[in-house]
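Peer 1: Dropping the structure in here first, questions after.
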Amino acid sequence: MGTGKVPIIALAGIGVSFGAVKALSDIELAIMPGECVGVVGHNGAGKSTLVNVINGRLSPTTGDASYDGGDSKADFRNSLRARNAGIRSVFQELSLCPNLTVLENLRIPYRKMPWRNWRGNAALAVRASLDAIFPGNGIDPYRVVGDLSIAERQMVEIAIAFSGRDIDARLVILDEPTSSLDGAIADQLLDYIGRFCAKGGAIIFISHMLGEIFKVASRLVVMKDGRILANDDAENFTRDSLVDAMGHVVPDAADVAAARKHKEFGPEVLRMENGLTARKGEIVGLAGLAGHGQAEALAQCFLERSSDWRATREPAVVFVAGDRGRDGVMPLWSIMRNLSLQTLVEFSRRFLVDCKGEKALAQQWHHKIGIKTDNLESSILSLSGGNQQKVLFSRALASIAPIVVMDDPMRGVDVGTKKEVYRMIRDEAEKGRTFLWYSTETDEILECDRVFVFRDSAIAAELTGDDITEENMLRASFEMQEAAP
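By the count of UniProt numbering, the sequence shown reaches residue 485 at its end, each step adding exactly one.
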């Protein structure tokens with residue numbers, strides 16, 4: 001626990017219900033100054049609902065929330081109490097305004113910024129925060145957010161959360177903060193978290209990347225089905241015991257390596273100008289530091305093999321977006337319509353949708369990949385971020401396209417679902433499907449049969465078999481290998 005005597009936030013008997021659905025039940029939790037609390041659990045466990053109670057966006061149905069030891073009455077004023085207590089949030093779904101500049105996005109939560117030369121002051125504030133957290137970031141505060149990469153947008157949102165304002169940040173909630181960051185940039189954030197907590201700040205760190213959790217957390221909270229199952233010092237957990245508490249089994253890397261050695265592939269089905277190739281039934285990984293041309297290579301592969309105006313019954317390629325808010329989710333549509341979007345043409349007749357076929361397809365994938373909902377007609381936005389990603393993944397795998405292009409598709413997905421998706425990808429590959437898979441997570445790239453490491457928009461190395469290791473990927477990411485004689 002932290003060194004402060006008064007908790008920044010204390011929850012007592014908190015429950016949250018949405019109609020008949022109980023999102024949280026009997027939550028008891030206090031966050032002290034100086035501690036980093038890691039919150040883990042599978043998608044739909046209640047993590048996002050919990051943090052929305054803490055930051056005042058949601059009023060609990062039952063129980064009380066006390067800020068800085070003050071009034072514990074939980075009502076519509078909790079958002080103001082949370083703000084006055086210095087509680088800030090970085091959401092899994094990035095909340096920046098894409099049509100505004102970086103400094104203008106800082107201006108929105110900075111309510112009492114002096115009006116004189118506010119643009120210059122905002123630029124200085126956000127630049128100072130960016131440089132403190134992400135040295136060498138190179139992000140111009142005057143750039144429009146919509147022109148930034150998803151990694152840069154995540155860095156900006158994090159920097160704004162920690163920036164100096166009229167009320168200093170005391171508790172920052174980070175929901176999957178490294179999901180779009182490569183390893184080096186993620187390490188910068190984790191180092192800053194340590195410094196922030198050492199100065200008396202507090203962090204709630206939500207992540208499915210258990211290595212990061214153990215690196216920064218002083219205490220771990222395990223959630224399942226809206227309840228806290230465990231709440232103890234991080235040193236009292238191991239990776240295995242933490243995963244067991246969540247109800248999942250850690251994938252065995254040895255099994256993946258053994259399966260890779262015995263795989264046979266068909267003929268080459270893809271060859272690009274940059275040297276990227278893929279064979280039938282092969283899982284090809286794209287690795288390297290974020291922003292070095294991987295996403296552009298995937299986009300080129302997809303656009304060259306698909307029409308930008310007409311759907312077809314036999315698509316050559318299908319795309320799984322990592323930035324679901326921008327490239328994947330249709331926010332006004334239901335879960336079922338989002339899931340069936342890619343396959344509507346495949347089972348429609350004479351311009352009419354086969355509604356029975358659409359519903360059967362949605363129900364099949366609902367159970368197959370474990371989308372956490374009781375009603376497929378509900379809005380896609382009613383799902384957690386990880387469950388939205390499951391819908392996008394189901395949309396792609398339900399298609400008959402022989403090539404699946406995946407742009408960091410597992411962002412915000414829990415470890416148990418990841419294991420199931422890995423199995424599904426391998427099963428589809430054995431049937432002859434080809435996967436191009438870019439990921440910022442090394443564990444995912446290790447699932448691939450062959451890996452191309454990108455650096456400065458070019459392929460720095462091609463790794464196969466036992467050479468597919470984290471060390472080799474890092475080496476190629478930072479230094480171009482000499483061409484073989």
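Ideal Cβ positions, reconstructed from N, Cα and C, are used throughout, including at glycine.
Quick caveat: nothing in here was measured; it's all calculated off a predicted structure.
Mapping DSSP to helix, strand and coil, what is S95?
Peer 2: It is coil, neither helix nor strand.
Peer 1: Does the Cβ of Y67 lie closer than 7 Å to at least one heavy atom of the ligand HEM?
Peer 2: With respect to small molecules bound, the structure shown includes none, and the ligand HEM cannot be examined in it.
Peer 1: Is the distance from the Cβ of V172 to the Cβ of A161 below 8 Å?
Peer 2: The answer is yes: Cβ separation under 8 Å.
Peer 1: Have a look at the DSSP bridge pairing and note the partners of D407.
Peer 2: Per DSSP, Y438.
Peer 1: For A161, name the three-state secondary structure that DSSP assigns.
Peer 2: Reduced to three states, the DSSP call for A161 is helix.
Peer 1: Label K263 either buried or exposed according to how many other C-beta atoms from any shown protein chain fall within 10 Å of its C-beta, with 16 as the threshold for buried.
Peer 2: Exposed.
Peer 1: Residue ranges of each beta strand (DSSP E) run of no fewer than 3 residues wholly in the region 133–204, ordered along the chain?
Peer 2: Counting only runs of 3 or more, we get 171–175.
Peer 1: Could you tell me the boundaries of the alpha helix (DSSP H) in which L270 lies?
Peer 2: Taken as a continuous stretch (DSSP letters only), L270 belongs to no alpha helix (DSSP H), being part of the beta strand (DSSP E) at 268–271.
Peer 1: Within 10 Å of its beta-carbon, does N47 have 16 or more other beta-carbons around it, so buried, or fewer, so exposed?
Peer 2: Residue 47 is actually Lys in this sequence, not Asn. Label assigned to K47: buried.
Peer 1: Is N236 helix, strand or coil when you go by DSSP?
Peer 2: N236: helix per DSSP, three-state reduction.
Peer 1: Just mark N55 as buried or exposed, buried being the case when its beta carbon has 16 or more other beta carbons within 10 Å.
Peer 2: With 16 or more other Cβ atoms within 10 Å, it is buried.
Peer 1: Would you be able to state if there are at least three C-beta pairs under 8 Å between the region 290–307 and the region 315–327?
Peer 2: With the cut-off at 8 Å, the region 315–327 and the region 290–307 touch.
Peer 1: Pull up the distance between the alpha-carbon of N78 and that of I167, whole angstroms please.
Peer 2: Near 16 Å, if we compare the C-alpha coordinates of I167 and N78.
Peer 1: Can you find the residues in the same chain that come closer than 8 Å, C-beta to C-beta, to W82, ignoring five residues on each side of it along the sequence?
Peer 2: One detail in the question is off: residue 82 reads as Ala in this sequence, not Trp. Answer for A82: I9, I54, N55, G56, Y67, listed in chain order.
Peer 1: If you compare alpha carbons, which of N137, P109, L103 is closest to N121?
Peer 2: Ranking the options by Cα distance to N121, first place goes to L103.
Peer 1: Around the C-beta of K356, are 16 or more other C-beta atoms found within 10 angstroms, so that it is buried, or is it exposed?
Peer 2: Exposed, because fewer than 16 other Cβ atoms sit within 10 Å of the Cβ of K356.
Peer 1: Go ahead and pull the three-state DSSP assignment for P251.
Peer 2: Unreliable positioning characterises P251 in this predicted model, as indicated by a pLDDT of 47, which lies under 50. The coordinate reading is nonetheless provided below. The answer is coil: DSSP assigns P251 none of H, G, I, E or B.
Peer 1: Identify the residues that DSSP records as bridge partners of Y67: which are they?
Peer 2: Bridge partners of Y67: I9.
Peer 1: Pull up the distance between the alpha-carbon of A398 and that of I369, whole angstroms please.
Peer 2: Cα to Cα, the separation comes out at about 11 Å.
Peer 1: Classify T3 as helix, strand or coil using the three-state DSSP reduction.
Peer 2: Unreliable placement is indicated for T3, whose pLDDT of 45 sits below 50; the coordinate value is still reported in the next sentence. Note: T3 maps to coil in three-state DSSP.
Peer 1: Is the Cβ-Cβ distance between K224 and G41 less than 8 Å?
Peer 2: Yes, Cβ-Cβ distance for K224 and G41 is below 8 Å.
Peer 1: Strictly by DSSP, which residues pair up with G15?
Peer 2: Answer by DSSP bridge pairing, in chain order: T62.
Peer 1: Applying the criterion that 16 or more other CB atoms from any shown protein chain within 10 Å of the CB defines a buried residue, is C97 buried or exposed?
Peer 2: Label assigned to C97: exposed.
Peer 1: Use the C-beta contact count for E268: other C-beta atoms within 10 angstroms, 16 or more gives buried, fewer gives exposed.
Peer 2: By the neighbour-count rule (16 or more Cβ atoms within 10 Å), E268 is not buried but exposed.
Peer 1: Whole angstroms is fine: what's the gap from G432's alpha carbon to R271's?
Peer 2: Distance between the alpha carbons of G432 and R271: 17 Å.
Peer 1: In whole angstroms, give me the CA-to-CA distance for residue 500 and A186.
Peer 2: Residue 500 cannot be examined here, being either before or after the span of the chain that is shown, 1 to 485.
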